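Numbering (this note's numbering), first residue to last: 61 to 184. In this text, a Cβ means the ideal position worked out from N, Cα and C, and glycines have one as well. Source: prediction; values computed, not measured. Working notes, beginning with the structure itself.
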Amino acid sequence: MSVVVSDTSPIRALDHLKLTSLLERFYGEVLIPPSVAAELRDPDSALPMLDWASIPGLCMQAPSDLAKVEELLQVLDRGESEAIALAMEVHAAAVLVDEREARSVAISLGLRPVGVLSMLVRAK
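Now the structure itself:
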C-alpha cells in the first residue's frame, strides 16, 4: 500500500462516522503533519478532541520544506499547507483533503486529492 497524507477534516469526518478504520484499510500508513495533529487535539475547538495516536495507521511527520509551507499559507490554512507540502516531499499517492481550494491547489501541484465521499463510496 502507498503512503498518503491527510488534512484534519477527513480524519474528523471519518471519526464522526466511526469509520477511521478505513484509513488503514485503504492506505496502510497515513501521515499527518504536526499542525493537523494539533488541530485534532485542540481543546478550544468546537469539535471533540481526538487522540490521533490511537487511530491505527496514523503517523505524524513534519514537512521539511518550510518555504513551501509559507507559500501555501498565502491561500490555505496551516493544516492544509503542511499536508500538501508533506505530500509533495514524500511523493504521496494521494492527499486526503475535502476543502475545494485545497483540492484545487493539490491538483495544480500534481497531487491526487481524495475526499471522504470517495472513501465512503469505495467502502460500499
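{"Check": "Pull up the distance between the alpha-carbon of Ala127 and that of Arg72, whole angstroms please.", "Outcome": "27 Å"}
{"Check": "Indicate the three-state DSSP secondary structure (helix, strand or coil) for Met148 in the structure shown.", "Outcome": "helix"}
{"Check": "Check the DSSP bridge columns for Ser197 and list the partner residues they point to.", "Outcome": "The first residue shown for the chain is 61 and the last is 184, placing residue 197 beyond what the model contains."}
{"Check": "When the Cβ atoms of the region 139-146 are set against those of the region 89-97, are three or more pairs found closer than 8 Å?", "Outcome": "yes"}
{"Check": "According to the Cβ coordinates, are Val63 and Leu100 closer than 9 Å?", "Outcome": "no"}
{"Check": "Along the alpha helix (DSSP H) that carries Leu118, what are the first and last residues, could you check?", "Outcome": "Counting along the chain, Leu118 falls outside any alpha helix (DSSP H), though it belongs to the beta strand (DSSP E) covering Leu118 to Met120."}
{"Check": "Straight-line CA distance for Met109 to Asp102?", "Outcome": "6 Å"}
{"Check": "Could you compute how far the alpha carbon of Val129 sits from the alpha carbon of Ser178?", "Outcome": "26 Å"}
{"Check": "Spatial neighbours of Asp67 within its chain, please: C-beta separation below 7 Å, excluding the five flanking residues on both sides.", "Outcome": "Val96, Gly139, Glu140, Ala143, Leu156, Val157 and Ala162"}
{"Check": "Go ahead and pull the three-state DSSP assignment for Val135.", "Outcome": "coil"}
{"Check": "Thinking C-beta only, is Val150 closer than 9 Å to Pro70?", "Outcome": "no"}
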